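Note sheet for the following structure.
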Amino acid sequence: MKTILWVAAGGACGAVLRYCVQAMASGTEFPWGTLLVNIAGCLAIGLAIGCFAGATWFETVGRPLLVAGVLGGFTTFSAFSVDTVLLWEQRRVVAAVAYVVSSVACCLLAAAVGYRVAGALA
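Heads up, the sequence shown is in our numbering, so the first residue is 181 and it goes up one at a time.
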């Protein structure tokens, strides 16, 4: 039960952070806010896993709180998906494809960089 509370608390914080970032990036023709939170979240998860995986505190509290909770609430595949569909429906095919490609490439790169940086710091 305690683990569920860690996830819930972290998720609430992550969702608020995502809302703030997306609010700052609103009013643009491109879903920059979603792209930014997903890249930042991937970088952060790479760092967290690279730095703390295997540590007792991380496996019992940190992973549920930070990874599943904060970063799970902060990043958003559902918003990415609907943003892509909306760009496609608006017949902005180039923007939709660019968004998908940049999201996947940048998020994978960010996760890898975070993980490598964490390894270099260890």
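We put the beta carbon where it would ideally sit given N, CA and C, even for glycine.
Source: prediction; values computed, not measured.
Which listed residue (the options) has its alpha carbon closest to that of residue i
{"i": "Ala276", "options": "Leu245, Cys231, Glu209", "result": "Glu209"}
{"i": "Ala220", "options": "Ala300, Gly294, Ala302, Gly299", "result": "Gly294"}
{"i": "Asn218", "options": "Glu239, Phe238, Leu301, Ala195", "result": "Ala195"}
{"i": "Leu227", "options": "Val247, Leu267, Val265", "result": "Val247"}
{"i": "Ile184", "options": "Pro244, Thr255, Ala285", "result": "Pro244"}
{"i": "Leu197", "options": "Ala188, Leu251, Cys287", "result": "Leu251"}
{"i": "Thr255", "options": "Cys287, Glu269, Gly230, Val297", "result": "Cys287"}
{"i": "Arg296", "options": "Ser261, Gly230, Leu266", "result": "Gly230"}
{"i": "Trp212", "options": "Ser282, Ala292, Ala291, Met181", "result": "Ser282"}
Simplified DSSP state of residue i, which is helix, strand or coil
{"i": "Ala232", "result": "Sequence inspection shows Phe at residue 232; the Ala mentioned does not correspond to that position. Helix at Phe232."}
{"i": "Arg243", "result": "helix"}
{"i": "Thr264", "result": "helix"}
{"i": "Ala317", "result": "Shown here, the chain extends from 181 to 302; a query on residue 317 therefore has no answer."}
{"i": "Phe210", "result": "coil"}
{"i": "Met204", "result": "helix"}
{"i": "Arg271", "result": "coil"}
{"i": "Ala302", "result": "coil"}
{"i": "Thr183", "result": "helix"}
Rounded Cβ spacing between residue i and residue j (contact assumed at less than 8 Å)
{"i": "Gly191", "j": "Gly253", "result": "4 Å"}
{"i": "Leu223", "j": "Ala291", "result": "7 Å"}
{"i": "Trp186", "j": "Gly249", "result": "6 Å"}
{"i": "Thr264", "j": "Val280", "result": "6 Å"}
Inter-residue Cα distance where the pair is residue i and residue j
{"i": "Leu289", "j": "Arg271", "result": "28 Å"}
{"i": "Leu215", "j": "Ala300", "result": "26 Å"}
{"i": "Ser258", "j": "Ala278", "result": "17 Å"}
{"i": "Trp268", "j": "Ile225", "result": "29 Å"}
{"i": "Ala189", "j": "Phe260", "result": "23 Å"}
| message | I'd like to know if the region 196 to 206 and the region 232 to 244 are in contact, where contact means that at least 3 CB-CB pairs between them fall below 8 Å. | response | no
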